[in-house]
Amino acid sequence: MILPWQQADWKRVQEARRAGRLPHALLVTGAAGLGKGGFAKNLAASLLCSAPDDGGLPCGHCRGCHLFQVGTHPDYLRITQEQPGKVIPIDSIREYISRSGLTAQAGGYKVVVIEPADALNMAAANSLLKTLEEPVAWTLIMLVSSRPGQLPATIRSRCQTIKIRAPARESAAQWLVGRVGGLDAKLLLDLACGAPLHAEKLADEGVLTLRGQLLDEFAGVLAGRNDPVTVADHWSRLELDSVLSWCAGWLIDVLRLKSAPEPPGLINPDQRKRLQAIGNALEFKTLYELLDKVYEATRTLGSQLNSLMLIESVLLEVAAAGRMLKRKKR
């Protein structure tokens, strides 16, 4: 299924296909939670179907569709990390990205999806670059990434980019309402920074409870009640994209609340009192430094740095801010 906010991009790529202008490499980008991987998978299914409909959707009945659905199509390959947070090594690329490996066995297209492409280590990226410089006919390589800036410019320049954009808030909320039961769709969207699929995941009440627990731990580190290393060990076992996104959202709201008594567009309106208390305790300069630290950790996700080290660096900075506050009060 093509999601509503992907329709325009889907139409453009299908028009290019019908005109014989489909590139040999696509870079599918956009924020997390917008369905980039699903878009790439749908395009692969479309290209491997022998009778797609007028809109490019696969028929679901031909041999190509059957093989794709059961995960045994010889002309479809998805390359990813062995474990979340790890790099994609050169061996994963060498094994599959070769002229022989990129030749279709069933006729028609060969499709390779690399997700997340920003997890490629330097050697793997260089190996891929050689293939992009010498494309194989009827082969499409799709790179899927929320952080395309971490890919070498030489790779980005050899791909045609499809940037999946978040839908308007009202449209996203309308799409979400029927999927989250009685929960507040707009609050979930705010917590997910406008990404509908991420918001849908947050509809699990356990996730919302976890978010509240992490804010408690964050505040505890700031107050000196919690050990930052112990908290970092807990956080490093979670989905760091979400954890860091929540941290950034807390700090952004703290800055907004510190700037105006009734700021519009709070990301965490349900946590207003706790965030206001943090803002009352810390100076603007310290808050901006903490937010920069969170953004730095977010940019580094997917690199070869250990996840525990990344989150420790953030929480140690929070603990240091708390100690500085206590010294000033003496």
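Quick note on my numbering: the sequence shown kicks off at 825 and runs consecutively.
Positions of the beta carbon are idealized from the N, C-alpha and C atoms, including for glycine.
Notebook entry, point to check: So what does DSSP say about Ser969, is it helix, strand or coil?
Noted result: Within the sequence shown, numbered from 1, the residue matching residue 969 stands at position 145. The answer is strand: DSSP assigns Ser969 an E or B state.
Notebook entry, point to check: Thinking C-alpha only, which one of Ala948, Val894 and Leu1115 is nearest Asp915?
Noted result: Here residue 915 corresponds to residue number 91 of the sequence shown, with the count starting at 1. For Asp915, the nearest C-alpha among the options comes from Ala948.
Checklist line | Burial state of Pro828, where buried means 16 or more other Cβ atoms lie within 10 Å | finding: As a position in the sequence shown, residue 828 is number 4, starting the count at 1. The residue is exposed, with fewer than 16 neighbouring Cβ atoms inside 10 Å.
Next item on the list: Please go through the same chain and pick out, in chain order, the residues whose beta-carbon is closer than 8 angstroms to the beta-carbon of Ala1072, but skip the five residues on each side of it.
Entry: Here residue 1072 is taken as the residue at index 248 of the sequence shown, counted from 1. Contacts found: Leu1115, Val1118, Tyr1119 and Thr1122.
Check: Between the segment 950 to 957 and the segment 835 to 843, are three or more C-beta pairs nearer than 8 angstroms?
Finding: Taking 8 angstroms as the limit for Cβ pairs, the verdict is that the segment 835 to 843 does not touch the segment 950 to 957.
Checklist line | Separation of Ala868 from Cys883, as counted between CA atoms | finding: Stepping through the sequence shown from its first residue, residue 883 is reached at position 59. Stepping through the sequence shown from its first residue, residue 868 is reached at position 44. If I take the Cα positions, the gap works out to 13 angstroms.
Notebook entry, point to check: When you compare only the Cα positions, how much space is there between Asp878 and Tyr1112?
Noted result: Locating residue 878 in the sequence shown gives position 54, where the first residue counts as 1. Locating residue 1112 in the sequence shown gives position 288, where the first residue counts as 1. About 51 angstroms.
Check: When DSSP labels each residue in this structure, what does Gln984 get in the three-state scheme?
Finding: For the purposes of this step, residue 984 is taken as the residue at position 160 of the sequence shown. It is a strand residue.
Checklist line | Nearest residue (CA-CA) to Gly1185, options Thr963, Met946 and Pro913 | finding: An answer regarding residue 1185 cannot be provided, because it is not within the stretch 825 to 1154 covered by the chain.
Notebook entry, point to check: How many whole angstroms separate the CB atoms of Leu1046 and Val1067, which I take to be in contact at a CB cut-off of 8 angstroms?
Noted result: Within the sequence shown, numbered from 1, the residue matching residue 1046 stands at position 222. Within the sequence shown, numbered from 1, the residue matching residue 1067 stands at position 243. Actually they are not in contact, since the Cβ atoms of Leu1046 and Val1067 sit about 16 angstroms apart, beyond 8 angstroms.
Margin query: My output table needs one value for Lys934: the three-state DSSP class, helix, strand or coil.
Written below: Position 110 of the sequence shown holds residue 934. The answer is strand: DSSP assigns Lys934 an E or B state.
Check: If you draw a straight line from the alpha carbon of Leu1134 to that of Glu1063, how long is it in whole angstroms?
Finding: Against the sequence shown, residue 1134 aligns to sequence position 310. Against the sequence shown, residue 1063 aligns to sequence position 239. The alpha-carbon of Leu1134 is positioned some 13 angstroms away from that of Glu1063.
Check: Around the Cβ of Gln998, are there at least 16 other Cβ atoms within 10 angstroms (buried) or fewer (exposed)?
Finding: Taking the first residue of the sequence shown as 1, we reach residue 998 at position 174. Counting every other CB atom within 10 Å of its CB across the protein chains shown gives Gln998 a total below 16, marking it as exposed.
Notebook entry, point to check: Among all the DSSP beta bridges, which residues are the ones paired with Tyr900?
Noted result: Here residue 900 refers to the residue found at position 76 of the sequence shown. According to DSSP, Tyr900 bridges with Val935.
Next item on the list: Starting from Gly955, follow the alpha helix (DSSP H) in both directions and report where the run begins and ends.
Entry: On the sequence shown, residue 955 is found 131 positions in, with the first residue counted as 1. Looking at the sequence shown, residue 955 is not Gly but Thr. Thr955 -> alpha helix (DSSP H) spans Met946 to Glu957.
Item checked: Outcome for Asp1077 when other beta-carbon atoms lying within 10 angstroms are tallied against a minimum of 16 -> Position 253 of the sequence shown, counted from the first residue, corresponds to residue 1077. Residue environment analysis places Asp1077 among the buried positions, since at least 16 neighbouring C-beta atoms fall within 10 angstroms of its C-beta.
Item checked: Tyr920 beta carbon less than 7 angstroms from that of Leu891 -> The residue given as residue 891 occupies position 67 in the sequence shown. The residue given as residue 920 occupies position 96 in the sequence shown. At a Cβ-Cβ threshold of 7 angstroms, Leu891 and Tyr920 do not count as neighbours.
Check: When the distance is taken between beta carbons, is Ala849 closer than 7 angstroms to Arg982?
Finding: To locate residue 982, count along the sequence shown from 1; it is residue 158. To locate residue 849, count along the sequence shown from 1; it is residue 25. Going by C-beta atoms, Arg982 is nearer than 7 angstroms to Ala849.
Note to self: Going by DSSP in three states, Val1142 sits in which element: helix, strand or coil?
What the structure shows: For the purposes of this step, residue 1142 is taken as residue 318 along the sequence shown, with counting starting at 1. Shown here, Val1142 sits in a helix according to DSSP, grouped into three states.
Check: How would you write the range of the beta strand (DSSP E) that Ala849 sits in, first residue to last?
Finding: Numbered from its first residue, the sequence shown carries residue 849 at position 25. Element bounds for Ala849: Ala849 to Thr853.
Note to self: If the criterion is Cβ atoms closer than 7 angstroms, does the pair Ile979 and Val936 meet it?
What the structure shows: For the purposes of this step, residue 979 is taken as residue 155 along the sequence shown, with counting starting at 1. For the purposes of this step, residue 936 is taken as residue 112 along the sequence shown, with counting starting at 1. Result no, Cβ atoms of Ile979 and Val936 do not sit closer than 7 angstroms.
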